[in-house]
Amino acid sequence: EYIGEVKKREENMSNYCVDIGEGYVIDAEKKGNAMRFIQHSCDPNCELIVRVHQDMRKRAWIRASKPIAVGEWITYKYHSNPAVWLQQFFFNNQGCVCGSKRCLKPREIVIQDATAADIDD
18 EYIGEVKKRE
28 ENMSNYCVDI
38 GEGYVIDAEK
48 KGNAMRFIQH
58 SCDPNCELIV
68 RVHQDMRKRA
78 WIRASKPIAV
88 GEWITYKYHS
98 NPAVWLQQFF
108 FNNQGCVCGS
118 KRCLKPREIV
128 IQDATAADID
138 D
C-alpha cells in the first residue's frame, strides 16, 4: 500500500504524491513508506490501483501489470489522469527521463563540451 497523508491537490506539491482522484493526493514525503521511491515510466511494468477500502477511505496499491525480471526497476505511470500527468510531470520538468522506447515526451538533454578552464585539478 502507498502510505502517506491524504491532502487536497495544490501547486508545488512534493515529488512523492500519488493522485487518487477528485482533487486529492497521497503525499508520502514525510509519512511515507518505500513505495514512494518507485520510478515513473511511460511503459510501466506496474499499475496504480486506487480503491475505497472498508473504512471508506481511498487507498492506493501498486501491482504488477506484466512479468518483472530479476534486477528490473519497478515502475508505474505517476498519474492516471493524463491532463494532470502531462501538466505536472512533463511541462513543469521540461520532459520525461524514463528512458523507455515508448516515452511520450523525452527531455532534451544538452551536453556541453568541457574546456580546460572548466576542469579544476
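Letter by letter, the sequence shown follows residues 18 to 138 of the numbering used here. Ideal Cβ placement from N, Cα and C applies to all residues, glycine included. Fair warning: this is a prediction, and the values are worked out from it, not measured in the lab.
What three-state label does DSSP hand residue i in the structure shown?
| i | result |
| --- | --- |
| Ala45 | coil |
| Arg80 | strand |
| Arg53 | helix |
| Gly38 | strand |
| Tyr93 | strand |
Do residue i and residue j have their C-beta atoms closer together than 8 Å?
| i | j | result |
| --- | --- | --- |
| Asn62 | Glu89 | yes |
| Asp60 | Arg124 | no |
| His57 | Tyr19 | no |
| Tyr93 | Leu121 | no |
Using 8 Å for Cβ pairs, my map puts residue i next to residue j. What's the rounded Cβ distance?
| i | j | result |
| --- | --- | --- |
| Gly40 | Arg53 | Wrong, their Cβ atoms sit about 20 Å apart, outside the cutoff. |
| Ile91 | Val67 | Contact doesn't hold; Cβ gap of about 18 Å is too wide. |
| Val17 | Cys34 | Here the chain comprises residues numbered 18 to 138, so residue 17 is not present and cannot be evaluated. |
DSSP puts residue i in a beta bridge; with which residues?
| i | result |
| --- | --- |
| Ile66 | Trp78 |
| Cys113 | Pro123 |
| Glu22 | Asp44 |
Can you give me the Cβ contacts of residue i inside the same chain, cut-off strictly under 7 Å, excluding the 5 residues immediately before and after it?
| i | result |
| --- | --- |
| Ser31 | Asp44, Glu46 |
| Ala81 | Asn62, Cys63 |
Suppose the cutoff is 8 Å on Cβ atoms and the five residues either side in sequence are ignored; what does the same chain contact list for residue i look like?
| i | result |
| --- | --- |
| Cys113 | His57, Cys59, Phe106, Phe107, Cys120, Leu121, Lys122, Pro123, Arg124 |
| Ile85 | Asn62, Cys63, Ile91 |
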